[in-house]
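*Asks:* Below: one structure in structure tokens.
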Amino acid sequence: MTTAALESTGVPFLDLRPSHDPVVAAILEDVAALIESNAYINGPAVAQFEREFADFCGSPYSVGLASGLDALRLALLAAELEPGDEVIVPAQTFVATLEAVTQAGGRPVIVDVRDDDYTLDVEAAEAAVGGRTRAVLPVHLYGQMADMRSLADLSERHGLFLLEDACQAHGATRDGLGSGTVGHAGAFSFYPGKNLGAMGDAGALVTADDALATRVRALREHGQTRKYEHEWEGYTARLDTIQAAVLLRKLPLLAGWNESRRSAAQLYSDALADVGDLTLPAVAPRSEPVWHLYVVRTADPSALADALAARGIGTGRHYPQPVHLATAYAALGYAAGDFAVAERLAHESLSLPIFPGITDAQVELVADAVRGFFAGG
Ligand SMILES: *Cc1c(COP(=O)(O)O)cnc(C)c1O
383 MTTAALESTG
393 VPFLDLRPSH
403 DPVVAAILED
413 VAALIESNAY
423 INGPAVAQFE
433 REFADFCGSP
443 YSVGLASGLD
453 ALRLALLAAE
463 LEPGDEVIVP
473 AQTFVATLEA
483 VTQAGGRPVI
493 VDVRDDDYTL
503 DVEAAEAAVG
513 GRTRAVLPVH
523 LYGQMADMRS
533 LADLSERHGL
543 FLLEDACQAH
553 GATRDGLGSG
563 TVGHAGAFSF
573 YPGKNLGAMG
583 DAGALVTADD
593 ALATRVRALR
603 EHGQTRKYEH
613 EWEGYTARLD
623 TIQAAVLLRK
633 LPLLAGWNES
643 RRSAAQLYSD
653 ALADVGDLTL
663 PAVAPRSEPV
673 WHLYVVRTAD
683 PSALADALAA
693 RGIGTGRHYP
703 QPVHLATAYA
713 ALGYAAGDFA
723 VAERLAHESL
733 SLPIFPGITD
743 AQVELVADAV
753 RGFFAGG
């Protein structure tokens, strides 16, 4: 597209077409074949995707599930939390992290995130460990892994279950360690806008723990280890076969898509250095994020968002309300002022367009518009 044409169409916050164009025809054929076979539940695509996704992550097992929330929740259910058991979670995350804890019978203990990479503050987590602490649930926010080396050490010293919320970080690494493979288990979401997205809801849990994988496999299907033998109380939380077929076609392209996100992020970071009061995303040493989101901070993100919208540029807010101030979690007893970093992020964050196949011209158009806003134009 020419620059003039771009200026008239703007840039959407998320465009799935560049990722879907190369796979749509094959997916339609796969779905037609599936309808012929009637293998809707636990069809062969499910086990095949599980093997290939485990390989992609570098983990022995992956268990396909109906959503990222199910991956988090079933992992915590398999860990057998007792009522009142505490799970340490970061204040800056999508609400599903907390939903998993409470729905598995635990109590979320929220700690603040670091001011640089916005992931769980390990010292704050250490300080929050008490007699009832059972698990730590770090989130690899916006595509960057939390400091898993330190968190693995912390969980080992205190005998805690370590579960990674890797729902935004398919393929990220830090200190040479892969997202989802450092803790006892890692939970992934394949919500359509995630780095690997289905065409509906889907998720997976990866783990090296044979018993945990077996248990989660049973929990996703009415607690049965064999048909009609119900060892535990379970759920309907399987990975849908159609979604597995979609994911199988998309997975081989994921590494390239992550590269595309990386080069867009690099372009933004070069183009927006020293612009206005912007704080650009910080990358921790030896960290290779996969840029699920490109989040900048500024004193008045709404004004910047409005100026970009006027030029047809979409933006997002991740997240305008920190989880400790959500009405749904009022009973936990947290108040405004409890987590300064997360609260500041809620006021200051704005997510710029980033997706596989976003062109350099699109990124430059966004960056120009941002610079224009701060130049008063
Ligand atoms: C998307 C997401 C989830 C949950 O995923 P669903 O598939 O929508 O259930 C959990 N945690 C984080 C951080 C997420 O971004």
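Okay, so the sequence shown: first residue is 383 according to the numbering used here, each after it adds one.
Note that the Cβ used here is the ideal one computed from N, Cα and C, for glycine as well.
Under 6 Å Cβ to Cβ from Glu432, same chain only, skipping five residues before and after it: list those, please.
*Replies:* So the qualifying residues of the chain are Ser444 and Gly446.
*Asks:* Between which two residues does the beta strand (DSSP E) holding Glu546 run?
*Replies:* It spans Phe543 to Asp547 - the beta strand (DSSP E) in which Glu546 sits, taken as one unbroken run.
*Asks:* Starting from Val445, trace the beta strand (DSSP E) both ways and give me its first and last residue.
*Replies:* Its beta strand (DSSP E) spans residues Tyr443 to Leu447.
*Asks:* Specify the secondary structure class of Glu411 as computed by DSSP and reduced to three states.
*Replies:* Helix, per DSSP.
*Asks:* Who are the Cβ neighbours of Ala482 in its own chain at under 7 Å, not counting the five residues just before and after it?
*Replies:* Closer than 7 Å at Cβ, skipping near neighbours: Leu451, Leu454, Arg455 and Leu458.
*Asks:* Can you give me the start and stop residues for the beta strand (DSSP E) that Glu468 sits inside?
*Replies:* From DSSP, the beta strand (DSSP E) with Glu468 extends over Glu468 to Pro472.
*Asks:* Based on the DSSP output, what are the partners of Gln606 in its beta bridges?
*Replies:* His612.
*Asks:* For Gly425, which option in Gly719, Val677 and Ile624 has the closest C-alpha, if you only look at C-alpha atoms?
*Replies:* The option with the nearest alpha carbon to Gly425 is Ile624.
*Asks:* Note the first and the last residue of the continuous beta strand (DSSP E) segment covering Tyr676.
*Replies:* Run containing Tyr676: Tyr676 to Arg679, per the beta strand (DSSP E) assignment.
*Asks:* At the level of alpha carbons, what is the spacing between Glu462 and Asp403?
*Replies:* Distance between the alpha carbons of Glu462 and Asp403: 43 Å.
*Asks:* Examine the Cβ distances between the segment 541-558 and the segment 600-608 and report whether three or more of them are shorter than 8 Å.
*Replies:* No: fewer than three Cβ pairs fall under 8 Å.
*Asks:* Give the single residue among Ala517, Arg399 and Asp437 whose Cα lies nearest to the Cα of Ala637.
*Replies:* Checked all of Ala517, Arg399 and Asp437; the closest Cα to Ala637 is Asp437.
*Asks:* Could you check what DSSP says for Leu502 in three-state terms: helix, strand or coil?
*Replies:* DSSP places Leu502 in strand when its eight states are reduced to three.
*Asks:* So, helix, strand or coil for Ile423, using DSSP?
*Replies:* In the structure shown, Ile423 sits in coil (DSSP, three-state: anything other than H, G, I, E or B).
*Asks:* Can you tell me whether DSSP reads Glu670 as helix, strand or coil?
*Replies:* Reduced to three states, the DSSP call for Glu670 is strand.
*Asks:* Measuring from the CB of Thr475, is there a heavy atom of ligand 1 at a distance below 8 Å?
*Replies:* Thr475 Cβ: within cutoff of ligand 1.
*Asks:* Cβ of Tyr809 versus every heavy atom of ligand 1: is any distance shorter than 8 Å?
*Replies:* Since the first and last residues shown for the chain are 383 and 759, residue 809 lies out of range.
*Asks:* Can you confirm whether Tyr650, when its beta carbon is compared against all beta carbons of chain D, has any partner nearer than 9 Å?
*Replies:* Annotation note: the requested chain D is absent from the structure, which comprises a single protein chain.
*Asks:* Have a look at the DSSP bridge pairing and note the partners of Ile695.
*Replies:* DSSP, once it has assigned bridges, lists Val393 as partnering Ile695.
*Asks:* In the DSSP assignment, what residue or residues form a beta bridge with Val428?
*Replies:* For Val428, which the question treats as bridged, DSSP gives no partner whatsoever.
*Asks:* What does Ser733 pair with, by DSSP beta-bridge criteria?
*Replies:* According to DSSP, Ser733 bridges with Val677 and Gly698.
*Asks:* Note down, in chain order, each residue of its chain lying with its Cβ closer than 8 Å to the Cβ of Arg631, except the 5 sequence neighbours on either side.
*Replies:* Once the five neighbours on either side are set aside, the close Cβ partners of Arg631 are Val405, Ala408, Ile409 and Asp412.
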